[in-house]
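Undergrad: Going by the UniProt record's numbering, 1151 is the number at position 1151 of the sequence shown; the sequence numbering is gapless.
Built from N, CA and C at the ideal position, the CB exists for glycine as well.
Since this is a predicted model, take the numbers as computed values, not measurements.
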Amino acid sequence: MTSKLRLSQIKLAGFKSFVDPTHIALPGQIVGVVGPNGCGKSNVIDALRWVLGESKASALRGETMQDVIFNGSSKRKPVSRASVELVFDNSLGKANGQWASYAEISIKRVLQRDGDSSYHINNQHVRRKDITDIFLGTGLGARAYAIIEQGMISRIIEAKPEELRIFLEEAAGVSKYRDRRRETELRIADTRDNLLRVSDILQELEKQLVHLGSQAEVAKQYRALENQRDTTQRLFWLVKKQEAEAQRARFAQATEKTRTELEAETARLRDIENQLETARSGHYQLSDALHARQGDLYTANAEIARLEQHIKHVAEQRQRMTQQLANTERQIEQQKQQRQGVHALLEHWQRQQEGAGTKVAEAEQLAEAEGRNLPQAEQAARIAQERHNELQREHLLLQQKMQLAETQRDNLQRNIQQLDSRRLRLLMEKDNLPGADGNALQQAQQQLSELEMERAEQVEKLAHLQEQLPLADMQRGNQRDSLQQQERVLAQTEARLHALQQLQRQIDSDKNLNAWLQQHQLDNKPRLWQAIRIESGWEDALEAVLRERLNALALPSLDTAAAWSDAPPAKLALFSPSGNGQDDGGPGQLKSLLSYVQCQDAQVLPVMRDWLNGVYAVADIAQGYALRAQLPAGGWFVTPQGHLIGAHSVLFHAPDSQLHGVLARQREIEKLELELVEQNRNAEYSRQQVAEAEQHYQSIEMQIAPLRTSGNELQQRLHGLQMNILKLNQAHERSVERTAQIEREMQEVADLLGTEQRQQEGIHEQMLILREQIAEFYAQVDAAQRDANAQEIALREQRSRAQHAQHALQEARFFAKTCTEKIADLQHSVQQITDALAQFEQSLEQLRADLSVGEDDTAQQQLQAALLVRQACEQALGEARNILENATVNLQKFEQERMACEHKLNPLREKLGELTLKEQEARLHFEQWSEQLQGVDEQALLPLLGPDNRQGGNNKPNALQAELNRLNEGIEALGAVNLAALEELQAATERKAYLDAQAKDLNEAMATLEDAIRRIDKESRDLLMDTYNQVNRHLSEMFPVLFAGGEARLVLTGEEILDSGVQVMAQPPGKKNSSIHLLSGGEKALTAIALIFSLFQLNPAPFCLLDEVDAPLDDTNTERLCALIKKMSQHTQFVFISHNKITMELAQQLVGVTMQEKGVSKVVAVDIEEALRLRDEVLVA
1 MTSKLRLSQI
11 KLAGFKSFVD
21 PTHIALPGQI
31 VGVVGPNGCG
41 KSNVIDALRW
51 VLGESKASAL
61 RGETMQDVIF
71 NGSSKRKPVS
81 RASVELVFDN
91 SLGKANGQWA
101 SYAEISIKRV
111 LQRDGDSSYH
121 INNQHVRRKD
131 ITDIFLGTGL
141 GARAYAIIEQ
151 GMISRIIEAK
161 PEELRIFLEE
171 AAGVSKYRDR
181 RRETELRIAD
191 TRDNLLRVSD
201 ILQELEKQLV
211 HLGSQAEVAK
221 QYRALENQRD
231 TTQRLFWLVK
241 KQEAEAQRAR
251 FAQATEKTRT
261 ELEAETARLR
271 DIENQLETAR
281 SGHYQLSDAL
291 HARQGDLYTA
301 NAEIARLEQH
311 IKHVAEQRQR
321 MTQQLANTER
331 QIEQQKQQRQ
341 GVHALLEHWQ
351 RQQEGAGTKV
361 AEAEQLAEAE
371 GRNLPQAEQA
381 ARIAQERHNE
391 LQREHLLLQQ
401 KMQLAETQRD
411 NLQRNIQQLD
421 SRRLRLLMEK
431 DNLPGADGNA
441 LQQAQQQLSE
451 LEMERAEQVE
461 KLAHLQEQLP
471 LADMQRGNQR
481 DSLQQQERVL
491 AQTEARLHAL
501 QQLQRQIDSD
511 KNLNAWLQQH
521 QLDNKPRLWQ
531 AIRIESGWED
541 ALEAVLRERL
551 NALALPSLDT
561 AAAWSDAPPA
571 KLALFSPSGN
581 GQDDGGPGQL
591 KSLLSYVQCQ
601 DAQVLPVMRD
611 WLNGVYAVAD
621 IAQGYALRAQ
631 LPAGGWFVTP
641 QGHLIGAHSV
651 LFHAPDSQLH
661 GVLARQREIE
671 KLELELVEQN
681 RNAEYSRQQV
691 AEAEQHYQSI
701 EMQIAPLRTS
711 GNELQQRLHG
721 LQMNILKLNQ
731 AHERSVERTA
741 QIEREMQEVA
751 DLLGTEQRQQ
761 EGIHEQMLIL
771 REQIAEFYAQ
781 VDAAQRDANA
791 QEIALREQRS
801 RAQHAQHALQ
811 EARFFAKTCT
821 EKIADLQHSV
831 QQITDALAQF
841 EQSLEQLRAD
851 LSVGEDDTAQ
861 QQLQAALLVR
871 QACEQALGEA
881 RNILENATVN
891 LQKFEQERMA
901 CEHKLNPLRE
911 KLGELTLKEQ
921 EARLHFEQWS
931 EQLQGVDEQA
941 LLPLLGPDNR
951 QGGNNKPNAL
961 QAELNRLNEG
971 IEALGAVNLA
981 ALEELQAATE
991 RKAYLDAQAK
1001 DLNEAMATLE
1011 DAIRRIDKES
1021 RDLLMDTYNQ
1031 VNRHLSEMFP
1041 VLFAGGEARL
1051 VLTGEEILDS
1061 GVQVMAQPPG
1071 KKNSSIHLLS
1081 GGEKALTAIA
1091 LIFSLFQLNP
1101 APFCLLDEVD
1111 APLDDTNTER
1121 LCALIKKMSQ
1131 HTQFVFISHN
1141 KITMELAQQL
1151 VGVTMQEKGV
1161 SKVVAVDIEE
1171 ALRLRDEVLV
1181 A
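#1: How is C599 classed by DSSP in three states: helix, strand or coil?
#2: If you scan the stretch 256-315 from start to end, which runs of the beta strand (DSSP E) of 3 or more residues do you find wholly inside it?
#3: Name the DSSP beta bridge partners of L1106, please?
#4: Could you check how far apart the C-beta atoms of L483 and A683 are, in whole angstroms? I think they sit under 8 Å.
#5: Within a Cβ cutoff of 6 Å, which residues of the same chain sit near S83, ignoring the five residues on either side of it in sequence?
#6: Assuming the contact rule is C-beta atoms closer than 8 Å, V87 and E104 should be a hit. Round their C-beta distance to whole Å, please.
#7: Could you spell out where the alpha helix (DSSP H) holding L86 opens and where it closes?
#8: Tell me, please, which residues DSSP counts as bridged to Q1063.
#9: Tell me the residue span of the alpha helix (DSSP H) that contains Y625.
#10: Do you know offhand how far N954's Cα is from E226's?
#11: Can you tell me which of L195, F1136, L1095 and E756 puts its alpha carbon nearest to the alpha carbon of R414?
#12: Tell me the DSSP secondary structure of K11 in three-state form.
#13: Taking 8 Å as the threshold (C-beta atoms), are T232 and E963 in contact?
#14: How far does the beta strand (DSSP E) with residue 1183 in it extend, from its first residue to its last?
#15: Name the residue from S686, L500, E919 and E329 whose alpha carbon lies nearest to the alpha carbon of V218.
#16: Determine the closest residue to E885 out of G282, E548, R549 and F236, with distance taken between C-alpha atoms.
#17: May I ask you to verify whether the stretch 747-765 touches the stretch 350-369, counting CB pairs closer than 8 Å and requiring at least 3?
#18: From this set, I1057, E1047 and A988, which residue's C-alpha is nearest D1017's C-alpha?
#19: Please state whether DSSP places R76 in a helix, a strand or coil.
#20: Which of helix, strand or coil does DSSP assign to S1080?
#21: List the endpoints of the continuous beta strand (DSSP E) containing V545.
#22: In the DSSP output, what is F926 paired with across the bridge?
#23: Using the Cα positions of I621 and R223, report the straight-line distance between them to the nearest angstrom.
#24: Could you check the C-alpha separation between Q1148 and V1160 for me, to the nearest Å?
#25: Using the Cβ count rule (16 or more neighbours within 10 Å means buried), how would you classify F652?
#26: I'd like the list of long-range same chain contacts for N890, defined as Cβ closer than 7 Å, with 5 residues on each side in sequence excluded.
#27: Name the two residues that bound the continuous alpha helix (DSSP H) containing S42.
#28: Assuming V198 contacts Q998 under a Cβ cut-off of 8 Å, what Cβ separation, rounded to an integer in Å, is found between them?
#29: What distance in whole Å lies between the Cβ atoms of R229 and E919, which are believed to be in contact at a cut-off of 8 Å?
#30: Does DSSP put W636 in a helix, in a strand, or in coil?
#31: What residues are listed by DSSP as bridge partners for F18?
#32: I'd like to know if the stretch 809-827 and the stretch 362-369 are in contact, where contact means that at least 3 CB-CB pairs between them fall below 8 Å.
#33: Using 8 Å as the threshold, is the stretch 900-915 in touch with the stretch 199-210, meaning 3 or more CB pairs across them?
#34: Enumerate in chain order the residues of its own chain whose CB-to-CB distance from V545 is below 7 Å, with the five nearest sequence positions on each side excluded.
#35: Quick check: the Cα distance between residue 1190 and D46, rounded to an integer number of angstroms?
#36: By Cβ distance below 7 Å, which residues in the same chain neighbour C39 in space, the five residues on each side in sequence not counted?
What follows is the structure, given as structure tokens:
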């Protein structure tokens, strides 16, 4: 039975000492890696650990991660990258994750010199986490228990309890749970942060909603004024459009009249232009005739110039021919002289050719004679060299035997020294063994009892504080909720108060009136509504009676107004509080409106009596109708809604003033100011309560933290004392056992020393015999060497003579060839000179023939005829020029008449242009206003205009412009307006609903994640406990197999297995139970192996790597280990590094690692079957 994942190949390139691409095939279940020390065997283990995700350089025996890249040697340069690839056989499809469907899985890691690292699975780029996920829970990983390096055994045994728990978690397969729990905790933290941010946003959003409410009220007023302004603006555009249409019609009529006058004058101009065109056409024809005469004259002049040039050219050509004739005669003479010189050279080289033939024949005879002697010399030299080589090989064999004997002698000497050193160490250890200390044990037990009591008291105190902590946290949360609620109410009150105060300030928003008041120093005078209060429900009644007087200014004396030179620009009421008005009281059954009014200033009361005299309050209109008969003369009834009922009339009230609601708002403002003071006081008190609750919670936490710290310290001290007591109990037992063991080992060392010394004497005798044989062979080798050297010198001399003869032959042949080539070249030159002489003589005859021809007189005759033709052309040109001048005078006459007519047309054109521009301007204005009114129903606007404008009149634009100015001033009086307040209010309301839902979802997600944490902890706890029990059972079975008896178990150091450490307790045969730290080196190694194999029994890893774990074991324990490995290889593939012969015999396949080149590791295959076959053949022979 094989493991679910089997390592089939290892590929290395540039990794540490494996610089060349190296392929290690692993077909067997038990593979041994062997080789001498320092050859790079452990680099194979480092490669496996590195490709599985190791990121710590020190774990790979380096300072930086780049140290794994081959850094060069004495003969090789450094490389720039390192790569390691593992190939797994997954034919059973048992791999984790998405790679289970692949029959073969390749895992590769590449590191560049610049630090760039990459991981690949089946040549696909992946993350490091993807590789670790494949091996989660399998015991494989960068630091898992399946990779045991040099010194790893001791580190496992001496590891802290928390570090040993990691191996247990790997075996249990809870690594994935730990990763999931870490991810879940991170998500909980993110969810908690998101929930906090959502709560903060909701608080700010509630404040924003209050503020947007007041802004929305102002926006409504702004939009009402804006709609009214838009209607007025459209009416203004419609009136301007009508005006533009009337102007366009008037200008169009004037334009048409001017255009008729212009067309009549233009017709007269056309007649004059026709006559002018006829005269101009005749002028053009005469001008063409004049140009023709000029052309004839130019042609005659050109012909005369051509004939004169021809006569000059003929004279120059005869002069050139005379010069060419003289040059040709001179070249013919030169060619003849050159031909004579070439004939002389040709005769010289023909004589040289005859002598070269004789020299070639002599050189061929000498080369043939020397070549026949060369094979004999070569054969004699070869025979002498073969004799020397044979003697040299025999001499080398004797030297190798001598070196082997020296090596054996050195090994024996080293073994004797090691055995002697071991004997001395055993003697020193026996003398230094410690004895038992009874007083120290009693003191340790007393300290343990005191610490246990102190620990119990501390646990009780910590439990009490931990019970108080949730209550303090709950109280802190309640105080925070209360504070948040009060702060929300406070923010709402402040926003409402701010909005009401803003509306009160907007009452006096008339800029012109404010400027006028400031000019007369009245801007700081109090208003009437600020000095009075009225019972709730009667605000509209008082506003309906007083109207603008409600906003009246208080003056010390009304005589001040008489001195003003200008009237206020808007409505303004004034009053003087010094009046003495009396309330008539009215009929006894009627109640005056003044009785509902309270005056904060007693001086205002006479004014209110005056203004409210004769005004009585009734509950509704019906009561007012019923009591009209009781009204005194000039009296009025007023209802709470503001309706006025007189003796003969009824006035229904509707809010039409900025003062509407001013009294009610003022009452609410005063109420809110009082509430705001109280709410601030309550909020401040709640803040103090929150601070106290927070301080109380922090105080409990601060008490818990040192208790936990000191508790851990006490627990560690308890554990240390327990271990110390255990050590003291076992010290004596170990001393006795170790003394007996030392005596046995000393006897074994004495026996080995005797054996080694006897072997050393035999080697010494063998070396004496070999030295004599080597001396004899040395003389024979020297004689053979001298003979071979003499034969070699004779061979070189013969070769030199043969080469010299061959060289002379080549020179003779080359000279003969040179003579032949020279003769051919000279013959060719003679032929070229002969051909050139023939051409020169032919050219000479032609030139003489050309010069014999006489001069041509025809050109002179043609020149005289051309001069006569030119004279006739000049006469015809003068006549044509006179006719053209007469036609030009007639043309100028018609041109003057045309210009006079055009002068009359210019004023008409300018007038027409001005009228056209005015018409276009009116049309543009019409189009401009039409464009402004685009999309507007003009018929719906016409009823809003007066009758003059409906008929096209123009009596309303100024009034409409004034209305627009008034509306714009009203809009400006509102100040900065948030037009998007209504939309923002709606959006903020929707967003608050969304955030409320989001906060609910986050709370639900928090609960779900916390539940997931609890489930993960429960599953991990159950799985770990089950694994702990199974590993203990396997350890109790595995330990006796390796030790031939005894027992071992795992012990938890805490109560909670999820964070508790793990200790190994072992009891070898014949010893008491003790901590593993107190065992010998070999016992520690065997115990560690038993623990690891127990983990394998629970969760077999795909393969296990062992790096010289058998080094501290003797032969007996090594045989037990090998038997156990062979048994477990049915489930797990083993790859081990070893120098032990017993372990090597276990391997189904051996991989040899050598370092023939310094610093460079090579892999050689070791075929065990072939080695056994050769051994059998040797034994048979």
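TA: Judging by the given coordinates:
#1: On the sequence shown, position 599 is the one that residue 599 refers to. Secondary structure at C599: strand, using DSSP grouped into helix, strand and coil.
#2: Correct list: empty.
#3: The residue you call residue 1106 lines up with position 1106 of the sequence shown. Answer is I148 and F1136.
#4: Taking the first residue of the sequence shown as 1, we reach residue 483 at position 483. Taking the first residue of the sequence shown as 1, we reach residue 683 at position 683. Between A683 and L483 the Cβ distance is about 7 Å, and since that is below 8 Å, they are a contact.
#5: Residue numbering aside, residue 83 sits at position 83 when the sequence shown is read from its first letter. Only residues of its own chain outside the window of five on either side were considered, and among them A13 and V110 have a CB closer than 6 Å to the CB of S83, listed in chain order.
#6: Residue numbering aside, residue 87 sits at position 87 when the sequence shown is read from its first letter. Residue numbering aside, residue 104 sits at position 104 when the sequence shown is read from its first letter. About 6 Å; that satisfies the 8 Å criterion.
#7: Indexing the sequence shown from 1 puts residue 86 at position 86. Where L86 is concerned, there is no enclosing alpha helix (DSSP H), although the beta strand (DSSP E) it sits in stretches over R81 to D89.
#8: Reading the sequence shown from its first residue, position 1063 is the one you call residue 1063. Q1063 is bridged to V1051.
#9: Your numbering for residue 625 matches position 625 in the sequence shown. For Y625, the enclosing alpha helix (DSSP H) has its first and last residue at I621 to A626.
#10: Here the question's residue 954 lines up with position 954 in the sequence shown. Here the question's residue 226 lines up with position 226 in the sequence shown. The pLDDT assigned to N954 is 42, lower than 50, so where the model puts this residue is not dependable, and the model offers no usable value.
#11: Here residue 414 corresponds to residue number 414 of the sequence shown, with the count starting at 1. Relative to R414, the option among L195, F1136, L1095 and E756 whose CA is nearest is E756.
#12: Locating residue 11 in the sequence shown gives position 11, counting from the first residue. DSSP, reduced to helix, strand and coil, places K11 within a strand of the structure shown.
#13: Reading the sequence shown from its first residue, position 963 is the one you call residue 963. Reading the sequence shown from its first residue, position 232 is the one you call residue 232. Between E963 and T232, the C-beta spacing is below 8 Å.
#14: One cannot answer for residue 1183 here, as it falls past the ends of the chain, which runs 1 to 1181.
#15: Against the sequence shown, residue 218 aligns to sequence position 218. With distances taken between Cα atoms, V218 lies closest to L500.
#16: Numbered from its first residue, the sequence shown carries residue 885 at position 885. Relative to the Cα of E885, the nearest Cα in the group G282, E548, R549 and F236 belongs to G282.
#17: Between the stretch 747-765 and the stretch 350-369, the count of Cβ pairs shorter than 8 Å is below three; the stretches do not touch.
#18: In the sequence shown, the residue the question calls residue 1017 occupies position 1017. Ranking I1057, E1047 and A988 by Cα distance to D1017 puts I1057 first.
#19: For this step, residue 76 is matched to residue 76 along the sequence shown. Coil at R76, not helix or strand.
#20: As a position in the sequence shown, residue 1080 is number 1080, starting the count at 1. S1080 falls in the coil class under three-state DSSP.
#21: Position 545 of the sequence shown, counted from the first residue, corresponds to residue 545. Unbroken run through V545 is the alpha helix (DSSP H), E539 to L546; no beta strand (DSSP E).
#22: Mapped onto the sequence shown, residue 926 falls at position 926. The beta-bridge partner set that DSSP reports for F926 is empty.
#23: Start at 1 with the first residue of the sequence shown, and residue 621 comes out as number 621. Start at 1 with the first residue of the sequence shown, and residue 223 comes out as number 223. Taking the straight line joining both Cα atoms gives about 34 Å.
#24: Here residue 1148 refers to the residue found at position 1148 of the sequence shown. Here residue 1160 refers to the residue found at position 1160 of the sequence shown. A direct Cα-Cα distance of roughly 26 Å separates Q1148 from V1160.
#25: The count along the sequence shown starts at 1 and reaches residue 652 at position 652. Exposed, since its Cβ has fewer than 16 Cβ neighbours within 10 Å.
#26: Taking the first residue of the sequence shown as 1, we reach residue 890 at position 890. Within the same chain, and ignoring the five residues on either side of N890 in sequence, the residues whose Cβ sits closer than 7 Å to its Cβ are A279.
#27: By one-based count along the sequence shown, residue 42 stands at place 42. Run containing S42: K41 to V51, per the alpha helix (DSSP H) assignment.
#28: Residue 198 sits at position 198 when you count from the first residue of the sequence shown. Residue 998 sits at position 998 when you count from the first residue of the sequence shown. Indeed they touch by this definition, with Cβ atoms about 6 Å apart.
#29: Taking the first residue of the sequence shown as position 1, residue 919 is located at position 919. Taking the first residue of the sequence shown as position 1, residue 229 is located at position 229. With 8 Å as the limit, E919 and R229 do not qualify as a contact, their Cβ atoms being about 33 Å apart.
#30: The residue you call residue 636 lines up with position 636 of the sequence shown. Strand at W636.
#31: Translated into positions along the sequence shown, residue 18 becomes position 18. Partner(s): F15.
#32: Output reads yes: the stretch 362-369 touches the stretch 809-827.
#33: As far as the Cβ criterion goes, the stretch 900-915 does not touch the stretch 199-210, which means the pair count is below three.
#34: As a working mapping, residue 545 is identified with position 545 in the sequence shown. Apart from the 5 residues on each side of it in sequence, V545 sits with its Cβ closer than 7 Å to the Cβ of L593, L612, V615 and V638 in its chain, given in chain order.
#35: No information on residue 1190 is available, as it lies outside the stretch 1 to 1181 that the chain covers here.
#36: Within the sequence shown, numbered from 1, the residue matching residue 39 stands at position 39. Here the set comprises V1153, T1154, M1155 and S1161.
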